[in-house]
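Here's the structure, in structure tokens; my notes come after.
Number of protein chains: 2
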Amino acid sequence: MTHSQNIFPTKEAAIDTTALRVAIADVEAAAMRLAGVANQTPVLTSRTVNQRTNSQVFFKCENFQRTGSFKFRGAYNALAQVSKEQRQRGILTFSSGNHSQAIALSGKLNGIHTTIVMPDDAPAVKQEATRSYGAEVILYNRLETTREAMAQSLVIERQMTLIPPFDHPHVVAGQGTAAKELIEEVGSLDLLLVPCGGGGLLSGSAIAARSLSPKCRVIGVEPERAMDATCSFHTKTLHTVHNPDTIADGARTPNLGNITFPLVLHYVDDMVAVSETAILNAMFFLWERLKIVVEPTGALAAAALLENVVTAPNARIGVIISGGNVDLQKFRQLFS
Amino acid sequence: MTHSQNIFPTKEAAIDTTALRVAIADVEAAAMRLAGVANQTPVLTSRTVNQRTNSQVFFKCENFQRTGSFKFRGAYNALAQVSKEQRQRGILTFSSGNHSQAIALSGKLNGIHTTIVMPDDAPAVKQEATRSYGAEVILYNRLETTREAMAQSLVIERQMTLIPPFDHPHVVAGQGTAAKELIEEVGSLDLLLVPCGGGGLLSGSAIAARSLSPKCRVIGVEPERAMDATCSFHTKTLHTVHNPDTIADGARTPNLGNITFPLVLHYVDDMVAVSETAILNAMFFLWERLKIVVEPTGALAAAALLENVVTAPNARIGVIISGGNVDLQKFRQLFS
Chain Y
8 MTHSQNIFPT KEAAIDTTAL RVAIADVEAA AMRLAGVANQ TPVLTSRTVN
58 QRTNSQVFFK CENFQRTGSF KFRGAYNALA QVSKEQRQRG ILTFSSGNHS
108 QAIALSGKLN GIHTTIVMPD DAPAVKQEAT RSYGAEVILY NRLETTREAM
158 AQSLVIERQM TLIPPFDHPH VVAGQGTAAK ELIEEVGSLD LLLVPCGGGG
208 LLSGSAIAAR SLSPKCRVIG VEPERAMDAT CSFHTKTLHT VHNPDTIADG
258 ARTPNLGNIT FPLVLHYVDD MVAVSETAIL NAMFFLWERL KIVVEPTGAL
308 AAAALLENVV TAPNARIGVI ISGGNVDLQK FRQLFS
Chain G
8 MTHSQNIFPT KEAAIDTTAL RVAIADVEAA AMRLAGVANQ TPVLTSRTVN
58 QRTNSQVFFK CENFQRTGSF KFRGAYNALA QVSKEQRQRG ILTFSSGNHS
108 QAIALSGKLN GIHTTIVMPD DAPAVKQEAT RSYGAEVILY NRLETTREAM
158 AQSLVIERQM TLIPPFDHPH VVAGQGTAAK ELIEEVGSLD LLLVPCGGGG
208 LLSGSAIAAR SLSPKCRVIG VEPERAMDAT CSFHTKTLHT VHNPDTIADG
258 ARTPNLGNIT FPLVLHYVDD MVAVSETAIL NAMFFLWERL KIVVEPTGAL
308 AAAALLENVV TAPNARIGVI ISGGNVDLQK FRQLFS
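Chain order of the listed sequences is Y and G.
Every position in the first sequence, counted from 1, becomes a number in the working numbering once 7 is added.
Every position in the second sequence, counted from 1, becomes a number in the working numbering once 7 is added.
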């Protein structure tokens, strides 16, 4: 995942932290668009987890979402709303991660040409997966140019529309539908734990929770090695961490965005960070006990709970498992 | 899993293939006993699988069952029905597999002392897991005695009650509740694919399907390397394969039982066998695409479908995923 700021830089100080560009009505409208298209993902429970935490814990399993992560919700919601002119010129994004696959499939379903910019040394498997969803993959040589320059030239020359991975109101609204489904299925919560990269899933989830379960505390979870959002939240000033060295690749985003930062400040109750070991332990626990495959970023919120970074006895706790795209080779490396 | 015949041998020819000792009423009664105790496991679907098979496929995920496999259903149903006298003397079984953990937990939930006979070289992890569910583990030295002799002495001396892993009417009735739930949730099926070891899950599933979805064909799936039940089914004569060398450890049972063989002959429509490679491919596919952890035996039915051993275009197909107890080290060995 990469932040759109890289293409269209703005002064960080210029972020208006009071500008809330997404509301519950947007999440509700997104849910209507996604009905029958996105998977209503299962909610899993575990007696072992309940005993260990002395609480009732509900895992919302977006690893079972189409393309293997929650990203499909936001991408589809965005592509379903582009204008006729934008459709004709096509949609662009850059990422070697889950957002690209989500954009590719959403383009296919909406009959819109999509283009994904990737480095030419991106794994062949990822290139193929993206093409298999119907997207055009444009490769660039890291030594000759940057993806930002590459993408910018496409935006200008071909007038393609960029859908960034999180800093877009339609993307945020789409991501909020997972928490909406969770609360509608299991009832009100006392606490909701959400992985945080660029803050799209986190802010969308917090908007949904505030409306549907008003007393629910919403806490975002980051890797300790990439705790820009935690710092930004506590200081109310945007912090940036470039190229953080964490196994949670979806949380390597350098900072929150123009749209997500104000939403996080307004709707989120707290932010915490977890160690790399905690992430691995959580992945392993979910694998061994819940029998589900979860990628490192997808295990962030579970890690905060299972490793006691957040404790909330006698509570009803929602935990968003955000994705499951970890290939077997990578998985074996992590646990070797 | 081991067959109770090892303790109380009968002449194979003595099996009365017309004696049906379990009926749908028994499955329904089991479902009542299991309500609120067993997990109503999720049914997963995959657009990729539907496209690949040109059918609608419903995966009933017993890897999400308590203790990680369907075995909990049969064990609990059996232990819930033992007499006061039997309760006082305790329950015995022998297995280093899923049935033991299921018996141990069912004993704990019913307040019944359970004893599991295991070789003293059984992995410490398995011994610990069984003890953690509250069972007494009795170890024996493989060089000095057999588990059958060990168990037999306990049955005789302590008058404990043996609950075998499949050849028991209450066990079979309990196992049938998974297919019952599946059909009640998704509606009638054209085909139901079920893993087969000793035939407890298979015969229970077939009884449920015959009643709830009468036109549904039920097919049992075995490893090619342990295709005793397939041979028995086609020849109507009990075949035995001792210590088969298959990764599907739950299907290493030497043969169908006195109770399961007649039920399989009466209710099951066909039996097929799959290769070791097909099992591994299915496990890997379920891991990568469905994001679920499935043990080799648990992937048998999926393997038959995904590797085109069984084809049924334009059909509504149920596939029972029977368990997910494969530890990380074992999993890595399988894919190294």
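Beta carbons are placed, not taken as given, at the ideal position from N, Cα and C, and that holds for glycine.
Everything numeric in this text was worked out from a predicted model, so none of it was measured.
For K298/Y, decide whether its Cβ has a neighbour in chain G, counting only Cβ atoms nearer than 8 Å.
-> Locating residue 298/Y in the first sequence gives position 291, counting from the first residue. K298/Y counts as touching chain G.
Excluding sequence positions up to five away, which residues of its chain have a Cβ less than 7 Å from the Cβ of N315/G?
-> Locating residue 315/G in the second sequence gives position 308, where the first residue counts as 1. None.
Closest to P320/Y by CA distance: which of T60/Y, V29/Y, A45/Y and L341/Y is it?
-> The sequence position of residue 320/Y within the first sequence is 313, counting from 1. Looking at the Cα atoms, T60/Y is the closest of the given residues.
Rounded distance between the beta-carbons of R40/Y and N105/Y, thought under 8 Å = Against the first sequence, residue 105/Y aligns to sequence position 98. Against the first sequence, residue 40/Y aligns to sequence position 33. Contact annotation, N105/Y with R40/Y: C-beta distance approximately 19 Å; criterion of less than 8 Å not satisfied.
State buried or exposed for T9/G, treating a residue as buried only when at least 16 other CB atoms are found within 10 Å of its CB.
-> The residue you call residue 9/G lines up with position 2 of the second sequence. Since pLDDT at T9/G reaches only 35, below the 50 mark, its modelled position is unreliable, and the value read off the structure follows with that caveat. It counts as buried.
First and last residue of the alpha helix (DSSP H) that includes V64/Y?
-> As a working note, residue 64/Y is residue 57 in the first sequence. Element bounds for V64/Y: not the alpha helix (DSSP H) but the beta strand (DSSP E), Q63 to C68.
Evaluate F342/G with the Cβ neighbour count: other Cβ atoms within 10 Å of its Cβ, from every protein chain shown; 16 or more gives buried, anything less gives exposed.
-> Locating residue 342/G in the second sequence gives position 335, where the first residue counts as 1. Exposed: under 16 other Cβ atoms inside 10 Å.
On the premise that T122/G lies in contact with L161/G, defined as a C-beta separation below 8 Å, what is that separation, rounded to the nearest angstrom?
-> As a first step, residue 161/G is located in the second sequence; it is residue number 154 there, counting from the start. As a first step, residue 122/G is located in the second sequence; it is residue number 115 there, counting from the start. Indeed they touch by this definition, with Cβ atoms about 7 Å apart.
For Q93/Y, collect the residues of the same chain with a Cβ closer than 6 Å to its Cβ; drop the 5 residues on either side in sequence, then sort them by chain order.
-> Mapped onto the first sequence, residue 93/Y falls at position 86. Non-local C-beta neighbours of Q93/Y in its own chain, meaning closer than 6 Å and more than five positions away in sequence, comprise T168, ordered along the chain.
Are V178/Y and A308/Y closer than 8 Å when you measure CB to CB?
-> Here residue 178/Y refers to the residue found at position 171 when the first sequence is read from its first residue. Here residue 308/Y refers to the residue found at position 301 when the first sequence is read from its first residue. No, the pair does not count as a contact, with Cβ atoms beyond the cut-off.
If P230/G sits next to I286/G, beta carbons under 8 Å apart, how far is it from one beta carbon to the other, in whole angstroms?
-> Start at 1 with the first residue of the second sequence, and residue 230/G comes out as number 223. Start at 1 with the first residue of the second sequence, and residue 286/G comes out as number 279. A Cβ-Cβ distance of about 7 Å is found for the pair P230/G and I286/G, placing them in contact under the 8 Å criterion.
With 9 Å as the limit, tell me which residues of the segment 313-326 of chain G have their beta carbon closer than that to any beta carbon of chain Y; keep them in chain order.
-> none
Taking only the alpha-carbon atoms, compute the straight-line gap between K337/G and D256/G and give it to the nearest angstrom.
-> As a working note, residue 337/G is residue 330 in the second sequence. As a working note, residue 256/G is residue 249 in the second sequence. Roughly 12 Å separates the two Cα atoms.
Decide if the segment 28-46 of chain G is in contact with the segment 237-247 of chain Y; the criterion is three or more beta carbon pairs, one per stretch, under 8 Å apart.
-> no
Check the Cβ of N70/Y against every Cβ in chain G and list those closer than 8 Å, keeping chain order.
-> Start at 1 with the first residue of the first sequence, and residue 70/Y comes out as number 63. Chain G residues near N70/Y: K298.
Spatial distance of T242/Y from V275/Y (CA atoms) = On the first sequence, position 235 is the one that residue 242/Y refers to. On the first sequence, position 268 is the one that residue 275/Y refers to. Roughly 14 Å between the two C-alpha positions.
Which class does S53/Y belong to by DSSP, given the choice of helix, strand or coil?
-> If you number the first sequence from 1, residue 53/Y lands on position 46. Looking at S53/Y - three-state DSSP - the assignment turns out to be coil, as it is neither helix nor strand.
Taking Cβ-Cβ distances below 8 Å as the criterion, which residues of the segment 79-91 of chain G are in contact with chain Y?
-> none
At a Cβ threshold of 8 Å, is G43/G touching chain Y?
-> Taking the first residue of the second sequence as 1, we reach residue 43/G at position 36. Answer no: the Cβ-Cβ gap between G43/G and chain Y never drops below 8 Å.
Are V110/G and I170/G closer than 8 Å when you measure CB to CB?
-> To locate residue 110/G, count along the second sequence from 1; it is residue 103. To locate residue 170/G, count along the second sequence from 1; it is residue 163. One detail in the question is off: residue 110/G reads as Ile in this sequence, not Val. Yes, the pair counts as a contact, with Cβ atoms nearer than the cut-off.
Would you mind working out which of G205/Y, L199/Y and I98/Y sits nearest S212/Y, comparing C-alpha positions?
-> As a first step, residue 212/Y must be located in the first sequence, where it is residue number 205. If we check each option's Cα against that of S212/Y, L199/Y comes out closest.
Within 10 angstroms of its Cβ, does Q95/Y collect 16 or more other Cβ (buried), or is it exposed?
-> Position 88 of the first sequence holds residue 95/Y. Exposed is the call here.
Whose Cβ in chain Y lies nearer than 7 Å to the Cβ of F65/G?
-> Within the second sequence, residue 65/G is the residue found at index 58, counting from 1. Those within 7 Å of F65/G in chain Y number zero; the least Cβ separation is about 13 Å.
Under the DSSP definition of a beta bridge, which residues are partnered with T122/G?
-> Here the question's residue 122/G lines up with position 115 in the second sequence. T122/G is bridged to L99/G and E143/G.
Does the beta-carbon distance from F77/G to A185/G come in below 8 Å?
-> Against the second sequence, residue 77/G aligns to sequence position 70. Against the second sequence, residue 185/G aligns to sequence position 178. Contact flag set, yes.
Would the beta-carbon of V301/Y fall within 8 Å of that of N70/Y?
-> Counting from 1 along the first sequence, the entry for residue 301/Y is found at position 294. Counting from 1 along the first sequence, the entry for residue 70/Y is found at position 63. Going by C-beta atoms, V301/Y is nearer than 8 Å to N70/Y.
How is the beta strand (DSSP E) around A306/Y delimited, first residue to last?
-> The residue you call residue 306/Y lines up with position 299 of the first sequence. Segment: none, A306/Y is in no beta strand (DSSP E) and carries neither H nor E.
If you run the structure through DSSP and keep just helix, strand and coil, what is G330/Y?
-> On the first sequence, residue 330/Y is found 323 positions in, with the first residue counted as 1. If DSSP states are grouped into helix, strand and coil, G330/Y belongs with the strands.
Within 8 Å of chain G by C-beta, residues of the segment 180-205 of chain Y in sequence order = Per Cβ criterion, the list is empty.
Neighbourhood of Q134/G by C-beta, 6 Å cutoff - its chain only, sequence neighbours within 5 removed = Taking the first residue of the second sequence as position 1, residue 134/G is located at position 127. V144.
Give me the Cα-Cα distance between T247/G and V271/G, rounded to the nearest whole angstrom.
-> Locating residue 247/G in the second sequence gives position 240, where the first residue counts as 1. Locating residue 271/G in the second sequence gives position 264, where the first residue counts as 1. The alpha-carbon atoms of T247/G and V271/G are separated by roughly 15 Å.
Ignore the nearest five residues each way along the sequence and tell me which others in T52/G's own chain have a CB closer than 8 Å to its CB.
-> Counting from one through the second sequence, the residue named residue 52/G turns up at place 45. Cβ neighbours of T52/G beyond the five flanking positions: Q63, V64, F65 and F66.
Bridge partner(s) assigned by DSSP for A280/Y | Residue numbering aside, residue 280/Y sits at position 273 when the first sequence is read from its first letter. Looking at the DSSP assignment, A280/Y forms a beta bridge with E229/Y.
Name the two residues that bound the continuous alpha helix (DSSP H) containing L354/Y.
-> An answer regarding residue 354/Y cannot be provided, because it is not within the stretch 8 to 343 covered by chain Y.
Skipping 5 residues on each side, what residues in its chain have a beta carbon closer than 8 Å to that of P16/Y?
-> As a position in the first sequence, residue 16/Y is number 9, starting the count at 1. At P16/Y the pLDDT is 40, less than 50, meaning the model places this residue with poor confidence; the figure from the coordinates comes in the next sentence. Cβ neighbours of P16/Y beyond the five flanking positions: none.
Please list, in chain order, all residues of the same chain as Y147/Y whose beta carbon is under 7 Å from its beta carbon, the five residues on each side excluded.
-> Along the first sequence, read from residue 1 onward, the residue named residue 147/Y stands at position 140. Correct list, in chain order: V124, P126, D127, R154 and M157.
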